[in-house]
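See structure below.
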Amino acid sequence: MRIFGIDPGSRVTGYGIIDTQGNKSIYVGSGVIVTKTKEFHKRLHVIFKEIETLMAQNQPDVAANENVFMHQNADSGLKLGQAKAAAICGTFKSGLTVYEYAARQVKQAVVGKGSAEKEQVQYMVKIILGIKNRELRLDESDALAIAICHAHS
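When we follow our numbering, the leftmost residue of the sequence shown carries the number 115, and every step to the right adds one.
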């Protein structure tokens, strides 16, 4: 099964793709979608189009993303929710099911504790997937962690 993980963000959206066979997860690819424009609606459009393109290129069976949690700043939380919606809409043409996981659930699945730091998640993602000669941005490793969480669910 091919899983496409998404870590939504209005400025940087991470994505990660893994194949799973039983309890083994294999790294396929990952990256970030960086939205450089200041106009928010154009950033959402970039996220939508890039996810749509990545879906067509990679042909995943399912997608998984992180639930939006409410920030102290409500405006930031709303923007994050809109970025997540743009990413989900980018999966529609593929017709696949999109699953959602809480951040604590993802950290628990990958690190073993729900309060793990991003760097701990990044380290464990590299160990689990056997990534040795490639640096991962935190947004990439978070997206891969979401995919691994789905694989373990």
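Glycine included, every Cβ here is placed at the ideal spot set by N, Cα and C. Source: prediction; values computed, not measured.
- Task: For the region 161-181 and the region 194-205, state whether three or more C-beta atom pairs, one from each stretch, are separated by less than 8 Å.
- Result: With contact defined as three or more Cβ pairs closer than 8 Å, the region 161-181 and the region 194-205 are in contact.
- Query: With distances taken between CB atoms, is the gap from Tyr-215 to Glu-180 smaller than 8 Å?
  - Reply: Residue mapping note: residue 215 aligns to position 101 of the sequence shown, counting from 1. Residue mapping note: residue 180 aligns to position 66 of the sequence shown, counting from 1. Cβ distance < 8 Å, so Tyr-215 and Glu-180 count as in contact.
- Message: For the region 117-126 against the region 142-154, do three or more pairs of beta-carbon atoms, one drawn from each stretch, fall closer than 8 Å, so that the two count as touching?
- Response: Counting C-beta pairs closer than 8 Å gives three or more between the region 117-126 and the region 142-154, which meets the contact rule.
- Task: Under 8 Å by Cβ, that's how I've got Asp-256 and Val-235 pegged, so tell me the actual separation to the nearest angstrom.
- Result: By one-based count along the sequence shown, residue 256 stands at place 142. By one-based count along the sequence shown, residue 235 stands at place 121. Indeed they touch by this definition, with Cβ atoms about 7 Å apart.
- Item | Cβ-based neighbour list, Ala-259, same chain, cut-off 6 Å, excluding 5 preceding and 5 following | Counted from its first residue, the sequence shown places residue 259 at position 145. Within the same chain, Val-220, Val-224, Val-235, Val-239 come within 6 Å of Ala-259 by CB-CB distance, once the 5 residues on both sides are set aside.
- In whole angstroms, what separates the C-alpha of Gln-135 from that of Gln-173? Within the sequence shown, numbered from 1, the residue matching residue 135 stands at position 21. Within the sequence shown, numbered from 1, the residue matching residue 173 stands at position 59. About 16 Å.
- Buried or exposed (CB count within 10 angstroms, at least 16 for buried), Met-169: Here residue 169 refers to the residue found at position 55 when the sequence shown is read from its first residue. Burial of Met-169 is indicated by the presence of at least 16 other C-beta atoms within 10 angstroms of its C-beta.
- Among Phe-154, Ser-139, Ser-267, the one whose alpha carbon lies nearest that of Ile-241: Looking up residue 241 in the sequence shown gives position 127. That would be Ser-139, whose Cα lies nearest to the Cα of Ile-241.
- Query: So what's Thr-167 in DSSP terms, helix, strand or just coil?
  - Reply: As a working mapping, residue 167 is identified with position 53 in the sequence shown. Three-state result, Thr-167: helix.
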